[in-house]
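Beneath this line is the structure, given in structure tokens, with notes to follow.
2 protein chains.
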Amino acid sequence: MRHFEEQLDELRKRLLEMSGLVESAIYRSVQSLVEKDEQQAQQVLQNESRINQMEIDIDELATQLLALEQPVATDLRFITAATKINNDLERMGDLAVNIAERALSLMHEPLVKPLIDIPHMASLVEGMVRKVLDAFVRKDSELARSVLLSDDAVDELRDSIYGELISYMQRDPATVRQSVDLMFVARNLERIADHATNIAEDVLFLVEGVDVRHHAEARSAPK
Amino acid sequence: MRHFEEQLDELRKRLLEMSGLVESAIYRSVQSLVEKDEQQAQQVLQNESRINQMEIDIDELATQLLALEQPVATDLRFITAATKINNDLERMGDLAVNIAERALSLMHEPLVKPLIDIPHMASLVEGMVRKVLDAFVRKDSELARSVLLSDDAVDELRDSIYGELISYMQRDPATVRQSVDLMFVARNLERIADHATNIAEDVLFLVEGVDVRHHAEARSAPK
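Those protein sequences? They're chains A and B, same order as listed. First residue of the first sequence: 11, per my numbering; consecutive thereafter. First residue of the second sequence: 11, per my numbering; consecutive thereafter.
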């Protein structure tokens, strides 16, 4: 029993480690775009394989725990949540790589106007990722709910970014290529937020046993 | 024991039913775009909640099987694969909804040129989805591998679609809005293909015990 608790702790620890890497990948990919800093983007590309390997290792640990320890109730729920969170984190890592690639493609081109909304959206998204992992570790359902609420703000920002970029492209064909790159950056940030939302739903299910997926009304009500 | 086998069968059956709904959502969303058929798009929007409910039900069944039956080895692997496939299918359903929404937004606008590459990409992607579920049910690793190979063809088509749409926007600002919609359609199709690829990887792991995620060399080699 003692041994099992230790392994659950190990699983939690590794997820946190992985989320640390993913958070820094997101941060660096956006910094690279904003500061035109090629090194930051390269770092993100280099760290991808480490994140991928962590996903495989965590999956293996979780499967072992399921097979050997035959957990029930809360522990079972914790392990299945960990598997889902693991998968979401890995995909966030991929999305940070996509952003880094767009940053590299925009590196040597003067931007039409200074980036304001994208860094704003990025810091909102980074906050969601940080909060949701905190919520998972502390089993804090209030914090998880606050992440669900941020998702709407992210969607609004995305719409305003899209609108602005579309009007640039309509006014000046020379901005098409960079505007498309920036649209995909916004899209990738939005998808990172979606994954954070998925994790928040898993945390709520873990802590409260409420399945809030696809149920808008249950998301805001405090139980 | 008998009872457990029946429940595994039930799980398999429900996944097939769900994939049927998802396949038809993908097909309809693209048809709606190509044929300017509003009803097909509306159908996709209406079926979304059914797919969402199926995801929740399948998840519950899988969790029950894990908790009550304490499966080991192959059965455990089957159930965890089923959970992942379930999640991928639901996300494919969401992506079909996105395509249907773009189709509605383009419904009353004359298109710059007839759609050729997008229907082509769509039929490739639909084939991947169909094949990968077949591969899962028949435990056919060769078929799963063929899905992994199609993913590259999908990526190439996406690149050529992007390139063409970018050049439209550069030549004629009036095409910006519809080109952006069509880029997102291509992007959504590509993501559906990515989910099919995820499922193919799960099938390979289930059948051969080989983890091919992030290992390009293992994907093509027949074991």
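We put the CB at the ideal spot given by N, CA and C, even for glycine.
| Check | Outcome |
| --- | --- |
| Neighbour flag for asparagine 57 of chain B against chain A, beta carbons, 9 Å | no |
| Within chain A, the residues that valine 186 of chain B reaches when beta carbons sit closer than 7 Å | Ile176, Met179, Gln180 |
| Lysine 123 of chain A at chain B interface by Cβ criterion, 9 Å | no |
| Touching by the beta-carbon criterion (3+ pairs, under 8 Å), the region 124 to 140 of chain B and the region 167 to 184 of chain B | yes |
| Rounded separation between lysine 94 of chain A and glycine 137 of chain A - CA only | 20 Å |
| Given serine 29 of chain B as reference, the closest of B:Glu15, B:Glu58, B:Gln41, B:Glu45 once Cα atoms are compared | B:Glu58 |
| Beta-carbon proximity of leucine 78 of chain A to leucine 199 of chain A, cut-off 9 Å | no |
| Valine 195 of chain A and alanine 113 of chain A closer than 9 Å at C-beta | yes |
| Interface residues of the region 51 to 75 of chain A facing chain B [CB-CB below 9 Å] | Glu58, Ser59, Asn62, Gln63, Glu65, Ile66, Asp69, Glu70, Ala72, Thr73 |
| Assigned exposure category for proline 232 of chain B - 16 Cβ within 10 Å defines buried | Unreliable placement is indicated for proline 232 of chain B, whose pLDDT of 45 sits below 50; no coordinate value is reported for it. |
| Cβ of methionine 193 of chain A within 9 Å of any chain B Cβ | yes |
| Where glycine 137 of chain A sits in the DSSP three-state scheme | helix |
| 9 Å Cβ cutoff, proline 9 of chain B in contact with chain A | In the structure displayed, chain B extends from 11 to 233; residue 9 of chain B sits before or after that span and is not available. |
| The region 30 to 39 of chain A / the region 54 to 72 of chain A touching (three or more Cβ pairs under 8 Å) | yes |
| Where valine 222 of chain A falls: helix, strand or coil (DSSP) | coil |
| Coarse secondary structure for histidine 118 of chain A, derived from DSSP in three states | coil |
| Leucine 214 of chain A in three-state terms, based on DSSP | helix |
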